[in-house]
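> If you're matching them up, the sequences are chains V and A in order. For the record, in the first sequence the residue sitting at position 44 is 44 according to the working numbering, with numbers rising by one throughout. Whatever position you read off the second sequence (first residue = 1), add 223 for the working numbering. Pasting in a structure now, in structure tokens, and then I'll have a few things to ask.
Protein chains: 2
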Amino acid sequence: MGYKVIKEKVLRANADTAKLIKERLDSAGTLMINIISSPGAGKTAFLEKIGPRLKEAGITLTILAGDCFTCRDAERLDKAGLEVIQINTGNACHIDASLIDKAISQVDIEKNDLIIVENVGNLVCPAEFELGEDMKIAFLNVAEGSDKAIKYPLLIKESPLALINKVDLTQMSDFDMAFCKECIRQVNRNIDIIEMSVKTGQGLDEALNWLVDKVKIKKEKAS
Amino acid sequence: MGYKVIKEKVLRANADTAKLIKERLDSAGTLMINIISSPGAGKTAFLEKIGPRLKEAGITLTILAGDCFTCRDAERLDKAGLEVIQINTGNACHIDASLIDKAISQVDIEKNDLIIVENVGNLVCPAEFELGEDMKIAFLNVAEGSDKAIKYPLLIKESPLALINKVDLTQMSDFDMAFCKECIRQVNRNIDIIEMSVKTGQGLDEALNWLVDKVKIKKEKAS
Numbered sequence: 001m002g003y004k005v006i007k008e009k010v011l012r013a014n015a016d017t018a019k020l021i022k023e024r025l026d027s028a029g030t031l032m033i034n035i036i037s038s039p040g041a042g043k044t045a046f047l048e049k050i051g052p053r054l055k056e057a058g059i060t061l062t063i064l065a066g067d068c069f070t071c072r073d074a075e076r077l078d079k080a081g082l083e084v085i086q087i088n089t090g091n092a093c094h095i096d097a098s099l100i101d102k103a104i105s106q107v108d109i110e111k112n113d114l115i116i117v118e119n120v121g122n123l124v125c126p127a128e129f130e131l132g133e134d135m136k137i138a139f140l141n142v143a144e145g146s147d148k149a150i151k152y153p154l155l156i157k158e159s160p161l162a163l164i165n166k167v168d169l170t171q172m173s174d175f176d177m178a179f180c181k182e183c184i185r186q187v188n189r190n191i192d193i194i195e196m197s198v199k200t201g202q203g204l205d206e207a208l209n210w211l212v213d214k215v216k217i218k219k220e221k222a223s
Numbered sequence: 224m225g226y227k228v229i230k231e232k233v234l235r236a237n238a239d240t241a242k243l244i245k246e247r248l249d250s251a252g253t254l255m256i257n258i259i260s261s262p263g264a265g266k267t268a269f270l271e272k273i274g275p276r277l278k279e280a281g282i283t284l285t286i287l288a289g290d291c292f293t294c295r296d297a298e299r300l301d302k303a304g305l306e307v308i309q310i311n312t313g314n315a316c317h318i319d320a321s322l323i324d325k326a327i328s329q330v331d332i333e334k335n336d337l338i339i340v341e342n343v344g345n346l347v348c349p350a351e352f353e354l355g356e357d358m359k360i361a362f363l364n365v366a367e368g369s370d371k372a373i374k375y376p377l378l379i380k381e382s383p384l385a386l387i388n389k390v391d392l393t394q395m396s397d398f399d400m401a402f403c404k405e406c407i408r409q410v411n412r413n414i415d416i417i418e419m420s421v422k423t424g425q426g427l428d429e430a431l432n433w434l435v436d437k438v439k440i441k442k443e444k445a446s
């Protein structure tokens, strides 16, 4: 059996589990988003800031923090007063649906408006594994350069939102925002793009509004 | 068949191919290094600068540039006057030994002192797939934060050298060099560490000397 055939089988089994998760979330009206980025793009720092603001906006949320090893992210998010479950994948490069299934068995889905999956830092495999989420969010950053969208197109293709973090580093790097956006739009014409700096706070209001809006839409659909 | 069993099978078949590649390289006295990093860490920029200097030092080299999609890296390296073969993996998150086998069939191994694999930008899977290389190089960078070594330990465990690029961004970020090194040493006590900025040139001499030394040792072993 070739690698491709094996992979298709694995992805199919994963999709079946993901579908069941999606059905449970749909009937509860709970939105699940799957945030995917390179290592060190600032996902955890983003959640440390946006999590408390989502709570202030009346949204009950739980974060499922994925990492190969360590509980560093979960510890940081816990310190920020957020509900969090750490998912350690070992040497696996992505979270799969069965790991989400196990994690959300510890969560009262009906009481949560929003479940945020912070995936393993990796632009490739996480984009391939459906988790039962409503949407992926492509979490890019200035330090990784302008051309990532065309090098890792699947994630961009699948995401309704691209956050571009670390815009405070633009002057210090060779980053070209116009070219970055051109690359993103080349892969996905309809994607929303928010320029952001978790460090300075730029773009956080916009990101918050985007998320609150999506939570509302999901709730309305379920009721 | 579970995912773990499948993966072990894939890795075993890969290791067999890698062994054959290693034997060919050993008898030719050609060093092969496998550079692994996050997306946008600066591998291509590093090779654009270090490649010509390796040539000046009398070393004949070929670069195998891995990306899921696009030939952007190969085009850049070609412009820098370097011999380069692009390997596109499609949606696969790593280069495997069979892709290297195909690529080096286009290379006169005996005439090359050094083959550099620029792996797909990903800290997880590429570390698992042996390519027949003499060594991996862990290519970290300041922008991704200080704790990557303990979050992605396999790569660090397998590498005799960690390059820490983008040290010019240290002031602008929350990067903690002492903690980063502590994390690296915690995983691998014997690893060499070079602080580097491809942009300013800092550390490039040191990296060059490290590589030239390893090429010499390999040549001497073969003769």
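Even for Gly, the Cβ is constructed at its ideal location relative to N, Cα and C.
What is the DSSP secondary structure of Val-84 of chain V, counted as helix, strand or coil?
Three-state DSSP puts Val-84 of chain V in a strand.
> What is the DSSP secondary structure of Ile-282 of chain A, counted as helix, strand or coil?
Coil, per DSSP.
> Say whether chain V places a C-beta atom closer than 8 Å to the C-beta of Ser-382 of chain A.
no
> State yes or no: is the beta carbon of Arg-295 of chain A nearer than 8 Å to at least one beta carbon in chain V?
With 8 Å as the cut-off, Arg-295 of chain A counts as an interface residue toward chain V.
> Verify the CB distance criterion: does Ser-38 of chain V have a CB-CB separation below 8 Å to chain A?
yes
> So, with DSSP's three-state summary, where would you put Leu-363 of chain A?
strand
> So the alpha helix (DSSP H) Leu-77 of chain V belongs to, where does it begin and stop?
Its alpha helix (DSSP H) spans residues 72–79.
> For Asn-335 of chain A, collect the residues of the same chain with a Cβ closer than 7 Å to its Cβ; drop the 5 residues on either side in sequence, then sort them by chain order.
Thr-253, Thr-283, Leu-284, Thr-285
> Closer than 8 Å is the cut-off here; do at least three beta carbon pairs connect the region 180–188 of chain V with the region 145–161 of chain V?
Touching, yes.
> Can you name the residues of chain A whose CB is closer than 7 Å to the CB of Ala-97 of chain V?
Those within 7 Å of Ala-97 of chain V in chain A number zero; the least Cβ separation is about 12 Å.
> Measure from the C-beta of Glu-418 of chain A to each C-beta in chain V and report whether the shortest distance is under 8 Å.
no
> Determine, for Phe-69 of chain V, whether the minimum Cβ-Cβ distance to residues of chain A falls below 8 Å.
Phe-69 of chain V counts as touching chain A.
> Please report how far the alpha carbon of Met-32 of chain V lies from the alpha carbon of Asp-134 of chain V, in whole angstroms.
5 Å
> Quick one, are the C-beta atoms of Ile-259 of chain A and Phe-398 of chain A less than 8 Å apart?
no
> If contacts are defined as beta-carbon pairs under 8 Å, then Ile-194 of chain V and Glu-206 of chain V qualify, I think. What distance do you get, rounded to the angstrom?
5 Å
> Chain V partners of Asn-311 of chain A, CB-CB under 8 Å?
Chain V residues near Asn-311 of chain A: none, gap ~10 Å exceeds 8 Å.
> Using a Cβ-Cβ cutoff of less than 7 Å, which residues in the same chain neighbour Lys-166 of chain V once the five nearest sequence positions on both sides are dropped?
The beta carbon of Lys-166 of chain V sits closer than 7 Å to the beta carbons of Gly-42, Asn-141, Val-142, Ala-143, Ser-197 from its chain, once the five residues preceding and following it are set aside; these are given in chain order.
> What in chain A is Cβ-close to Lys-148 of chain V, meaning under 7 Å?
Pro-262, Gly-263
> Just mark Leu-25 of chain V as buried or exposed, buried being the case when its beta carbon has 16 or more other beta carbons within 10 Å.
buried
> Check for me: the beta strand (DSSP E) holding Ser-37 of chain V runs from which residue to which?
31–37
> For Gly-214 of chain A, return the contacting residues in chain V, with the cut-off set at a CB-CB distance below 7 Å.
The question about residue 214 of chain A has no answer here: the residues shown for chain A are numbered 224 through 446.
> Over what stretch of residues does the alpha helix (DSSP H) that includes Asn-432 of chain A continue unbroken?
427–445
> DSSP on Asn-388 of chain A, reduced to helix/strand/coil?
strand
> Against chain A, with Cβ distances strictly below 8 Å, would Gly-121 of chain V count as a contact?
yes
> Let me check understanding here. Comparing Cα to Cα, which of A:Lys-441, A:Arg-299, A:Phe-402, A:Ala-350 lies closest to Thr-267 of chain A?
If you compare the alpha carbons of A:Lys-441, A:Arg-299, A:Phe-402, A:Ala-350 with that of Thr-267 of chain A, the shortest gap goes to A:Arg-299.
> Does the Cβ-Cβ distance between His-94 of chain V and Pro-126 of chain V come in under 8 Å?
yes
> If you scan the region 316–380 of chain A from start to end, which runs of the alpha helix (DSSP H) of 4 or more residues do you find wholly inside it?
DSSP runs (the alpha helix (DSSP H)) wholly in the region 316–380 of chain A: 320–327, 371–374.
> Please report the residue range of the alpha helix (DSSP H) in which Ile-414 of chain A lies.
Segment: none, Ile-414 of chain A is in no alpha helix (DSSP H) and carries neither H nor E.
> When you compare the region 114–130 of chain V with the region 80–95 of chain V, are there three or more beta-carbon pairs, one atom per stretch, that lie closer than 8 Å?
yes
> Just to confirm, are Ala-251 of chain A and Leu-287 of chain A a CB contact at a threshold of 8 Å?
no
> Pull up the DSSP beta-bridge partners for Ala-13 of chain V, would you.
Beta-bridge pairing links Ala-13 of chain V to no other residue.
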